[in-house]
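**Q**
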Amino acid sequence: YDLSVPEAITILPYESWQHFREKYNDLGNHLIRNPNTVLHFFDKYQNEFLRIADYRLESEMEIYTVKPEWHIVNPPCHSDRSFDEVSHVNDVGKLISVRGQVIEVGETKAVLTSVAFRCITKNKESGKPCSSINLVTQNPEENRLIKPNSCATCGGKQFVRCDSNESKMESMQRIVIQEEAVNEEARALKIEMRGRLINSVAPGSTVEVVGYLRLEQ
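Each residue of the sequence shown is one higher than the one before, counting from 1 in the numbering used here.
1. Rounded C-beta distance between Trp218 and Phe42? I'm assuming under 8 Å.
2. Output the residue ranges of the beta strand (DSSP E) runs that lie fully inside the segment 132–198 and measure 3 residues or longer, sorted by chain position.
3. Using a Cβ-Cβ cutoff of less than 8 Å, which residues in the same chain neighbour Ser114 once the five nearest sequence positions on both sides are dropped?
4. Leaving aside the five residues before and after Ala116 along the sequence, list all residues of the same chain whose C-beta is less than 6 Å from its C-beta, in chain order.
5. Val201 by DSSP, collapsed to three states: which one?
6. Measuring straight from C-alpha to C-alpha, what distance separates Gly106 and Ala186?
7. Please report the straight-line C-alpha distance between Glu104 and Lys190, rounded to a whole angstrom.
8. Ends of the beta strand (DSSP E) at Tyr24?
9. Can you tell me the Cα-Cα spacing of Val89 and Arg81, whole angstroms?
10. Can you list, in chain order, the residues of its chain with a C-beta nearer than 7 Å to that of Val73? Leave out the 5 residues immediately preceding and following it.
11. Do you know whose CA, among Arg174, Leu57, Lys124, Lys109, lies nearest Ala202's CA?
12. Between Val38 and the rest of its own chain, which residues show a CB-CB distance below 6 Å, the 5 nearest in sequence each way excluded?
13. Does the Cβ-Cβ distance between Leu215 and Val98 come in under 7 Å?
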């Protein structure tokens, strides 16, 4: 056993295992209040911690290239929302649970999660471009392409976007659910599903959706 604090913990930063444990005990509250940020850090640092959890990961990653996914299930009852309550602005960005009937299932699409940029900044001595690849994580809540500030290798500022096979993509599908028991016109919600969740529901089925609330134009 290695009792030293992993580098990823010191970067975050956590001073000790005790400090990390205290924050871990608050993880449930963070998942409810700001799930998108928590999932972002899970994705960013998962390799550091998965290597500690499973020493075989290093060799298995050479064979299995499917990216791990994080699914949040069984939220507390105070996260349950009716269709009328979902529209409340206080829930934007928070974890909620809503139940409804699937009335529409959209097509499966691919969305960019990380975009690759090649540095074309020329070396002052050799005159040759750096050519290193910089992978930049994209923010799904921003309708713009996020570019690197500087090259991680040479510090240059000149980039060109690489072909799509250098970037990382994720499957995405949108469905529409509506409230089950209604006396007037039924209200509906648009749900965006990612990864292995796509093609997991069929029109007419009743589902309980756990996710975070977003606003779109």
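Using N, Cα and C, we set each Cβ at its ideal position, and we do this for glycine too.
**A** This is what the structure holds:
1. Only positions 1 to 217 of the chain appear in this structure, which leaves residue 218 out of reach.
2. Complete beta strand (DSSP E) runs here, min 3: 133–137, 159–161, 168–178, 188–194.
3. Scanning its chain for C-beta atoms nearer than 8 Å, with the 5 sequence neighbours on each side dropped, one finds around Ser114 the residues Leu135, Val136, Thr137, Gln138, Ser167, Lys168, in chain order.
4. Excluding sequence neighbours, Ala116 sits near Ile133, Leu135, Cys162, Glu166, Ser167.
5. If DSSP states are grouped into helix, strand and coil, Val201 belongs with coil.
6. One C-alpha to the other measures close to 20 Å.
7. C-alpha separation (whole angstroms): 9 Å.
8. Looking at the DSSP string, Tyr24 is not in any beta strand (DSSP E); the run it does join, the alpha helix (DSSP H), is 17–25.
9. If you take the alpha carbons of Val89 and Arg81, they lie about 13 Å apart.
10. For Val73, where only same-chain residues beyond five positions count, the Cβ hits under 7 Å are Val210.
11. Proximity to Ala202 across Arg174, Leu57, Lys124, Lys109 peaks at Arg174, based on C-alpha coordinates.
12. Spatial neighbours of Val38 in its own chain (CB-CB distance under 6 Å, excluding positions within 5 residues in sequence) are listed in chain order as His30, Leu31.
13. Not a contact, by the Cβ cut-off of 7 Å.
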